[in-house]
Amino acid sequence: PGAVMVFGRDVTLERNLRMALVESRQRYKDLVEISSDFSWETGLDGRFVFVTPRGALGYSADELVGRPPTDLLAEGHEDEASLFSTRAAVEDSEMWMRRADGGQSCVLVSAAPLLGPAGEWRGARGVCRDITQVRERDAALAQASNRERLLTYIVRTIRDEVDPANMLGAAAEATARALSCSGCQIFRAEAGHFALAANFGDHGLAETIQPMLTSLEGGASTAEISLNGWQVLSAVSRYHRDANGAVCLWRKAGSAPFCDDERLLILDVANQIGIANEQIVNHERILNLSRTDGLTGLFNRRAFFEEIERRFNRLARDRKPAALIYVDLDNFKMVNDVHGHQKGDEALLALKNVLIHNTRPIDLVARLGGDEFAVWLESADNEVAEKRAQALLEATHPLAAFSGTPEKVLGASLGLAVHDPRRPETLEAMIARADEAMYEVKRSGKGSYKIAQPAQAVTGQGKP
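Counting in the numbering used here, the sequence shown runs from 726 upward without gaps.
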């Protein structure tokens, strides 16, 4: 009978190893295919022989295989092609590559040489990771940090300036220096247009900048033009969304053009200027309230005497005359008692109009309190002062319509004191002479004027 010999061999290990190898290769294949990184291999000629199936930089894999890496390098980075033919391991080397759409991408390259059985070089393999967004984000953060640093410098300069009158000047200087500009102008919104408030640097552009301001007045937030050899950048300043001014910067046309970062910075600066403008407006409002009479809008006592003190001191240097007129209403109490305080206020406003219409812009008019007013006549001698007093007295006759009773007619008594530069006196003495002259009129029947006797010569100066 025949015989059969059966041989058996355990292939479990071999099969498991093969399956593990297939699985491992599939795993790496899947990872390569789904990875956003750009995997590649170059051959002996330095050209791509393998590229991630998904392609890279906007190119398909078929478009890249067979091409030299130099085709993908950005201009100025051609010498970095050696990374794709490296003879030694390279890790995270940064380079710029050209995308299919013509743009550029920043990539990190990690590569290793591909060696044959005998150790001979046969090419290279590597991975490129696109970090463009990371670099752009880093650049944006660096720019934002720089803007913050410059803005902090400008804001600190503004806040360190105690006097609001000098605040915008400090801001103009700091802004021009921070942005390396030839000059800067800051404007405030007044009566529907922009009025120059501060100037720094080369002022050659001041007269020709109006077209840009017109565009800002039309509602634009920023404007940028080339004008008479200058690059000009401007932005409107706002407070609570309402335009209250503008800031303009300029530099020579041949210098570096304004960049996006500077355009953002001027908007930040304009926001701070908007706050500063509002603070100045509030300061001026408070100052105005502290220096003016609430009813008439004239200078109050404190502001009037402060101003005439400055003017009086100047008289000694200029050797010019001046006159002070004290005006006091006659029988004003009867107006309030009979007609009420509202009618009394109307009478005071009527007197205010009389004084304003019968004086010059260089003169000063004030309400010292109650029914007492004062007028400073700049450069007025005895003749001019007396004519002015006569005109004022004549102009007060219509005030009789406010009288409380026919027997107590509302009128005015005027006392004049004329400063003669040939007869030095103190301001205090001049005020006393005007006051005494006015009360002499009151005592002698009211409704007239009197010029005080000339001053007795004294030395030194005084104030009320």
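For each residue, glycine too, the CB sits at the ideal point set by N, CA and C. In this text, all values refer to a predicted model and were calculated from it rather than measured experimentally.
Measuring straight from C-alpha to C-alpha, what distance separates residue i and residue j?
{"i": "Asn741", "j": "Arg734", "result": "14 Å"}
{"i": "Ala849", "j": "Glu766", "result": "6 Å"}
{"i": "Ala1110", "j": "Lys1045", "result": "14 Å"}
{"i": "Asp967", "j": "Val961", "result": "10 Å"}
{"i": "Ala1041", "j": "Ala971", "result": "43 Å"}
{"i": "Gly908", "j": "Asn953", "result": "14 Å"}
{"i": "Leu893", "j": "Ala1177", "result": "47 Å"}
{"i": "Gly1022", "j": "Ala867", "result": "53 Å"}
{"i": "Val776", "j": "Tyr784", "result": "10 Å"}
{"i": "Asp993", "j": "Asp885", "result": "18 Å"}
{"i": "Trp846", "j": "Gln829", "result": "31 Å"}
{"i": "Val1079", "j": "Thr1121", "result": "7 Å"}
{"i": "Leu921", "j": "Ala995", "result": "15 Å"}
{"i": "Ala1162", "j": "Asp1053", "result": "11 Å"}
{"i": "Asn871", "j": "Ala981", "result": "18 Å"}
{"i": "Ala945", "j": "Arg963", "result": "12 Å"}
{"i": "Asp855", "j": "Ser818", "result": "12 Å"}
{"i": "Leu941", "j": "Gln997", "result": "17 Å"}
{"i": "Ala1157", "j": "Asp1062", "result": "30 Å"}
{"i": "Gly979", "j": "Ala901", "result": "17 Å"}
{"i": "Glu1150", "j": "Leu1014", "result": "32 Å"}
For the beta strand (DSSP E) containing residue i, list its first residue and its last residue.
{"i": "Thr947", "result": "Thr947 to Leu952"}
{"i": "Glu915", "result": "Gly908 to Glu915"}
{"i": "Pro1179", "result": "Note, Pro1179: premise wrong, no beta strand (DSSP E); not H, not E."}
{"i": "Arg824", "result": "From DSSP, Arg824 is part of no beta strand (DSSP E); its letter is neither H nor E."}
{"i": "Arg976", "result": "Asp967 to Lys977"}
{"i": "Gly844", "result": "Gly844 -> no beta strand (DSSP E), and no H or E assigned at all."}
Can you tell me whether residue i is buried or exposed, with buried defined as 16 or more other CB within 10 angstroms of its CB?
{"i": "Pro794", "result": "buried"}
{"i": "Phe732", "result": "exposed"}
{"i": "Gly1136", "result": "buried"}
{"i": "Ser905", "result": "exposed"}
{"i": "Met820", "result": "buried"}
{"i": "Thr939", "result": "exposed"}
{"i": "Lys711", "result": "Residue 711 is absent from the model: the chain starts at 726 and stops at 1189."}
{"i": "Thr1055", "result": "Per the sequence shown, the amino acid found at residue 1055 is Asp instead of Thr. Buried is the call here."}
{"i": "Asp1160", "result": "buried"}
{"i": "Val1183", "result": "Legend: pLDDT at Val1183 = 48, less than 50; position of this residue unreliable, no value from coordinates given."}
{"i": "Asn1007", "result": "exposed"}
{"i": "Asn969", "result": "buried"}
{"i": "Val747", "result": "exposed"}
{"i": "Asp1096", "result": "buried"}
{"i": "Leu840", "result": "exposed"}
{"i": "Met1155", "result": "buried"}
{"i": "Arg812", "result": "exposed"}
With respect to 7 Å, is the separation between the Cβ of residue i and the closest non-hydrogen atom of the ligand ATP below this value?
{"i": "Arg740", "result": "By its list of ligands, the structure shown contains no ligand whatsoever, and the ligand ATP lies outside what it can speak to."}
Counting along the chain, where does the alpha helix (DSSP H) carrying residue i start and finish?
{"i": "Asp885", "result": "Thr857 to Asp885"}
Inspect the CB distances between the segment 847-862 and the segment 874-892 and report whether three or more fall short of 8 Å. no
Unbroken beta strand (DSSP E) runs of length 3 or more, entirely within the segment 1047-1095: which are they? 1047-1055 and 1089-1094
Beta strand (DSSP E) runs contained entirely in the segment 729-812, provided each spans 3 or more residues: 763-767 and 773-776
Can you confirm whether the segment 1140-1151 touches the segment 1032-1050 when touching is taken to mean that 3 or more C-beta pairs between the two stretches lie within less than 8 Å? yes
Contact between the segment 1115-1129 and the segment 1082-1096: three or more CB pairs below 8 Å? yes
Does the contact criterion of 3 or more C-beta pairs under 8 Å hold for the segment 801-813 versus the segment 827-836? yes
What are the complete beta strand (DSSP E) segments, minimum 3 residues, inside the segment 1101-1176? 1136-1144 and 1174-1176
Do the segment 1012-1022 and the segment 986-1001 make contact, defined as three or more Cβ pairs closer than 8 Å? no
May I have a chain-ordered list of the alpha helix (DSSP H) segments no shorter than 4 residues that lie completely inside the segment 1012-1048? 1026-1043
With contact counted as at least three CB pairs below 8 Å, one residue from each stretch, are the segment 1002-1011 and the segment 1031-1039 in contact? no
Stretch-stretch touch, CB-based, cutoff 8 Å, three pairs: the segment 1024-1034 with the segment 1120-1139: no
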